[in-house]
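These notes concern the structure reproduced below.
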Amino acid sequence: MLEKLNERSMLQGTIARITYQHPETRYTVARLDAEGAASVTVVGPLFPVAEGEEIKVFGSWKNHPRYGLQFQIDHWEKVDPATVEGIEKYLGSGLIKGIGPTYAKRLVSAFGLDTLRVLSEEPLRILEVDGIGEVRARRIMQAWQEQRGMRDVMIFLQGHGVGASMALRIYRVFGSETIRRIRENPYALAREVHGIGFLLADRIANSIGIRGDFLLRVQAGVLHVLRESAEHGHCFVLLSSLRKNSSLMLGVEEDRVEIAVEKLAGQGDLVLQENTAQEAKRVYIAELYHAEKRVATAIQRLLSTSSFLHGERIANPKDKGRAFSRGALDFRSLDLFAALPLQLDEEQIKAARQALEQKVFVITGGPGTGKTTLLMSLLAILRRADVSFALAAPTGRAAKRMTETAGEEATTLHRLLEFNPREGRFHRHEDNPLQVDVVIVDEASMVDVTLMDHLLSAIDPHSHLILVGDVDQLPSVGPGSVLKDLIDSGAVPVAVLRRIFRQDQQSLIVVNAHRILQGQYLQFADARETRDFDFMARESEEEILDTIKELVRQRIPRALQLPSHQVVHAVQVLTPMHRGLLGTIQLNRELQTLLNPAGEALERGGWTLRVQDKVMQLRNNYDKGVFNGDLGRIISIDREDGSIRVDFDEKVVEYEADEIDEISLAYATSIHKSQGSEYPAVVIPLHTSHYMLLYRSILYTAVTRGKKLVFVVGSRKALAMAIRNVRVEKRNTGLKEMLAPARSGAQPHLLT
Numbered sequence: 000m001l002e003k004l005n006e007r008s009m010l011q012g013t014i015a016r017i018t019y020q021h022p023e024t025r026y027t028v029a030r031l032d033a034e035g036a037a038s039v040t041v042v043g044p045l046f047p048v049a050e051g052e053e054i055k056v057f058g059s060w061k062n063h064p065r066y067g068l069q070f071q072i073d074h075w076e077k078v079d080p081a082t083v084e085g086i087e088k089y090l091g092s093g094l095i096k097g098i099g100p101t102y103a104k105r106l107v108s109a110f111g112l113d114t115l116r117v118l119s120e121e122p123l124r125i126l127e128v129d130g131i132g133e134v135r136a137r138r139i140m141q142a143w144q145e146q147r148g149m150r151d152v153m154i155f156l157q158g159h160g161v162g163a164s165m166a167l168r169i170y171r172v173f174g175s176e177t178i179r180r181i182r183e184n185p186y187a188l189a190r191e192v193h194g195i196g197f198l199l200a201d202r203i204a205n206s207i208g209i210r211g212d213f214l215l216r217v218q219a220g221v222l223h224v225l226r227e228s229a230e231h232g233h234c235f236v237l238l239s240s241l242r243k244n245s246s247l248m249l250g251v252e253e254d255r256v257e258i259a260v261e262k263l264a265g266q267g268d269l270v271l272q273e274n275t276a277q278e279a280k281r282v283y284i285a286e287l288y289h290a291e292k293r294v295a296t297a298i299q300r301l302l303s304t305s306s307f308l309h310g311e312r313i314a315n316p317k318d319k320g321r322a323f324s325r326g327a328l329d330f331r332s333l334d335l336f337a338a339l340p341l342q343l344d345e346e347q348i349k350a351a352r353q354a355l356e357q358k359v360f361v362i363t364g365g366p367g368t369g370k371t372t373l374l375m376s377l378l379a380i381l382r383r384a385d386v387s388f389a390l391a392a393p394t395g396r397a398a399k400r401m402t403e404t405a406g407e408e409a410t411t412l413h414r415l416l417e418f419n420p421r422e423g424r425f426h427r428h429e430d431n432p433l434q435v436d437v438v439i440v441d442e443a444s445m446v447d448v449t450l451m452d453h454l455l456s457a458i459d460p461h462s463h464l465i466l467v468g469d470v471d472q473l474p475s476v477g478p479g480s481v482l483k484d485l486i487d488s489g490a491v492p493v494a495v496l497r498r499i500f501r502q503d504q505q506s507l508i509v510v511n512a513h514r515i516l517q518g519q520y521l522q523f524a525d526a527r528e529t530r531d532f533d534f535m536a537r538e539s540e541e542e543i544l545d546t547i548k549e550l551v552r553q554r555i556p557r558a559l560q561l562p563s564h565q566v567v568h569a570v571q572v573l574t575p576m577h578r579g580l581l582g583t584i585q586l587n588r589e590l591q592t593l594l595n596p597a598g599e600a601l602e603r604g605g606w607t608l609r610v611q612d613k614v615m616q617l618r619n620n621y622d623k624g625v626f627n628g629d630l631g632r633i634i635s636i637d638r639e640d641g642s643i644r645v646d647f648d649e650k651v652v653e654y655e656a657d658e659i660d661e662i663s664l665a666y667a668t669s670i671h672k673s674q675g676s677e678y679p680a681v682v683i684p685l686h687t688s689h690y691m692l693l694y695r696s697i698l699y700t701a702v703t704r705g706k707k708l709v710f711v712v713g714s715r716k717a718l719a720m721a722i723r724n725v726r727v728e729k730r731n732t733g734l735k736e737m738l739a740p741a742r743s744g745a746q747p748h749l750l751t
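Under numbering that gives the first Met the number 0, the first residue of the sequence shown is numbered 0, with each subsequent residue one higher.
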């Protein structure tokens with residue numbers, strides 16, 4: 000065999016076992032019972048394929064330094080199984096919805112070697128099989144046709160160098176039209192398929208013979224550079240930078256890039272902004288420019304419009320019968336602040352008055368500075384004054400936490416704005432505004448410019464907006480830096496709360512969060528003090544992992560007096576990285592084995608999912624109404640069709656077998672994903688192998704997620720690196736400048 004290494008060849012056989020399949024890339028390691036040979040290991044793009052399927056694989060032999068001789072797959076073809084055993088194993092693999100092992104056995108018992116022909120040519124005959132009624136028969140027939148069509152598309156795409164995971168995503172959008180659409184314009188993939196960028200579309204285009212300087216290619220490349228920038232939080236790119244980066248990536252002249260930019264701008268896909276303070280052209284994706292512009296316009300409109308709270312309401316045809324009259328409320332009166340359930344100091348009273356007098360107001364500050372107390376006092380005043388209000392936060396967990404602290408129902412912004420996932424639009428907007436006097440948004444640092452645009456469009460010009468958040472935390476995952484821009488603009492009144500109140504001075508979580516912001520080393524408790532924060536010095540990654548497991552399994556449950564079934568959801572491990580021994584991938588495997596080792600399970604792509612596993616949604620799914628970062632718990636697994644059901648606190652969501660890649664285990668999550676969440680106990684591993692992400696705002700965000708206990712486990716050097724590194728994520732945004740016209744009329748109120 001050694002003399003045939005690297006030579007192209009073909010093997011045919013049956014998939015005996017899928018050893019591993021990456022949940023995102025679908026890179027597969029499998030054992031193939033090859034005809035005329037012993038069982039061999041095959042590796043590469045092998046999806047959708049199931050155990051028991053007969054296939055042909057094309058590629059070459061490789062000698063892996065660790066795993067030995069393997070067959071590296073370039074592409075593959077399906078061969079219908081030739082034995083009843085093979086047919087039964089194939090149909091029972093879970094690849095076809097509605098057919099699991101039980102019904103596979105019944106179908107093969109009824110039709111034998113003719114089973115696959117019956118499914119293709121006489122599908123109604125499956126009603127002859129015991130237990131298959133009309134509903135299941137329709138489901139099986141639809142799934143069979145989809146699966147056969149999908150295989151043709153997969154083979155076409157993989158023949159053009161597309162990985163199996165991406166091929167599946169493309170097929171979900173274009174279906175049976177996939178091959179035709181790609182041949183017509185492969186760059187449509189980058190525009191229409193979520194997560195499929197220019198690079199993949201370009202690879203396909205190159206494979207089908209499109210020239211490198213083809214204008215459609217250059218236009219798609221320019222949009223790719225801009226979208227990549229938006230994924231890093233930027234709203235615009237300087238034209239000089241866009242020309243250079245696009246030229247290098249595409250291998251074309253910069254003049255060709257400028258022609259593409261002008262063409263895209265003429266089509267309305269881009270906006271060129273010329274007269275900026277830096278005297279350099281900015282290039283925006285059109286929707287981001289218009290979002291920033293609308294946010295600035297809406298803020299200015301709110302600031303310049305009279306308030307429902309300060310005088311007689313003006314009847315408005317858009318109020319849908321809600322108009323009424325009321326005398327002006329005097330928020331300067333001490334009577335409003337008397338007998339509040341929580342006592343405010345003089346500075347908090349000033350902030351509360353400003354929040355009620357100003358049409359737009361920002362309250363910012365770190366943990367323990369009184370944001371929650373101020374919020375609860377504001378709500379008490381609004382209730383006493385019979386003022387209507389709505390509470391909202393960007394995520395479900397943040398909304399739930401707001402509900403618990405405020406004693407009033409809070410919702411996600413998407414729910415407040417009545418987002419319809421099937422239509423892909425919000426039902427609350429300028430022509431159907433929210434019917435409340437005051438809107439209060441918590442965790443406002445998480446709100447990106449597009450969501451803020453939708454929120455402001457739904458707020459009546461005579462209503463108030465109060466934004467509450469910690470500007471020192473990581474910025475929003477999406478583009479923009481809205482909270483920081485509003486504060487820095489000088490156009491919007493702001494209360495910056497910095498005083499730590501006495502009761503919070505006893506919390507080392509609070510004390511150390513502020514020390515981190517100031518670049519100071521951590522403070523630790525002595526034997527007489529409450530220990531809600533601890534640093535456990537460990538040098539090697541193995542020692543850190545062992546300590547994390549001991550904390551999660553023993554010390555934290557004991558300290559919080561947690562019964563075993565509550566540990567999974569009370570304790571959260573937050574790590575800077577995804578890869579490595581202390582990254583989310585390996586930590587999730589270790590913690591699942593530790594906390595949920597048994598029970599009904601489903602194997603998918605090298606991962607094991609079990610009932611009661613904690614999981615996270617990985618992307619926004621508007622059809623299901625679940626969003627990137629939402630945490631849930633698996634409550635059931637259907638081994639027959641490979642589906643699972645997940646409880647996301649407010650709703651139960653079902654995932655079909657081919658949708659499971661939308662979720663991942665969440666015993667450990669990235670610090671970025673933890674924004675807006677709070678957990679009874681947080682464990683944070685820090686190691687110098689994380690050096691790329693060891694900076695102050697990352698550590699600060701992680702520490703402030705803990706409510707009762709925080710443990711930092713790692714090396715002193717890594718901790719010092721994180722505290723010293725003041726890396727600030729500077730984003731290219733225009734909102735601050737767009738708000739300049741409103742600056743002269745603002746009455747900033749800064750509390751320091």
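The C-beta atom is built at its ideal place from N, Cα and C for all residues, glycine as well. Computed from a predicted model, the values in this text were never measured in an experiment.
Asked, Found
"As assigned by DSSP and simplified to three states, the class of Phe523", "coil"
"Residue range of the unbroken alpha helix (DSSP H) whose run includes Ile634", "First-last for Ile634: 630 to 637, but that is the beta strand (DSSP E), not the alpha helix (DSSP H)."
"For Ile683 and Val711, believed in contact at Cβ under 8 Å, the rounded distance", "5 Å"
"Burial state of Phe523, where buried means 16 or more other Cβ atoms lie within 10 Å", "exposed"
"For Pro492, the nearest candidate out of Leu355, Tyr690, Ala259 (CA to CA)", "Leu355"
"Selected residue, minimal CA-CA separation from Gly43, among Val28, Ala49, Arg695", "Val28"
"Supposed contact pair Pro393 and Val446 - C-beta distance, whole angstroms, cut 8 Å", "5 Å"
"Inter-residue Cα distance where the pair is Leu68 and Trp75", "19 Å"
"Leu718 and Leu685 closer than 8 Å at C-beta", "yes"
"Enclosing beta strand (DSSP E) for Pro753 [first to last residue]", "Since the first residue shown for the chain is 0 and the last is 751, residue 753 is missing from the structure and cannot be characterised."
"Straight-line gap, Gln585 to Tyr666 (C-alpha atoms, nearest Å)", "11 Å"
"Residues sharing a beta bridge with Leu561, DSSP", "None, per the DSSP bridge assignment."
"Proximity of Arg179 and Ile207 at Cβ, strictly below 8 Å", "no"
"Three-state secondary structure assigned by DSSP to Ile662", "strand"
"Option nearest Leu580 by Cα separation, candidates Asp212, Arg552, Leu593, Glu542", "Glu542"
"Other residues of its chain near Leu222: CB distance less than 6 Å, five sequence neighbours each side excluded", "none"
"Beta-carbon spacing of His671, Pro478 below 8 Å", "no"
"Within 8 Å, strictly: CB atoms of Val270 and Ala264", "yes"
"Backbone CA spacing between Thr304 and Asp487 [nearest angstrom]", "22 Å"
"Status (buried if at least 16 other CB within 10 Å, exposed otherwise) for Asp430", "exposed"
"Helix, strand or coil at Gly220 [DSSP, three-state]", "helix"
"Start and end residues, beta strand (DSSP E) containing His513", "Here His513 belongs to no beta strand (DSSP E); instead the alpha helix (DSSP H) covers 507 to 516."
"Member of Ser38, Asn62, Phe57, Leu31 whose CA lies at the smallest distance from the CA of Glu50", "Leu31"
"Cα-Cα separation, Gln693 to Asp151", "What sits at residue 693 in the sequence shown is Leu, not Gln. Each residue's alpha carbon lies about 46 Å from the other."
"Contact between the region 235 to 253 and the region 185 to 196 (3+ Cβ pairs under 8 Å)", "no"
"Burial state of Ala721, where buried means 16 or more other Cβ atoms lie within 10 Å", "buried"
"Asn62 - partner residues in DSSP beta bridges", "Leu68"
"Ser635 versus Glu253: straight-line alpha-carbon distance, rounded", "55 Å"
"For Gln20, the residue or residues it bridges with in DSSP", "Thr27"
"Residues near Arg293 by beta carbon distance below 6 Å, same chain, minus five either side", "Asp452"
"Cβ neighbour criterion (16 or more within 10 Å) applied to Phe323", "Legend: pLDDT at Phe323 = 33, less than 50; position of this residue unreliable, value from coordinates given subsequently. With fewer than 16 Cβ atoms within 10 Å of its Cβ, Phe323 is classed as exposed."
"Contained alpha helix (DSSP H) runs [length at least 4] in the region 140 to 222, N- to C-terminal order", "163 to 173, 177 to 183, 187 to 191, 197 to 206"
"Proximity of Leu10 and Val78 at Cβ, strictly below 8 Å", "no"
"Ordered list of alpha helix (DSSP H) runs contained in the region 363 to 405, each at least 4 residues", "370 to 383, 395 to 405"
"Closest by C-alpha distance to Ser387, when choosing among Asn627, Asp436, Asn587, Gly369", "Asp436"
"Start and end residues, beta strand (DSSP E) containing Val467", "463 to 468"
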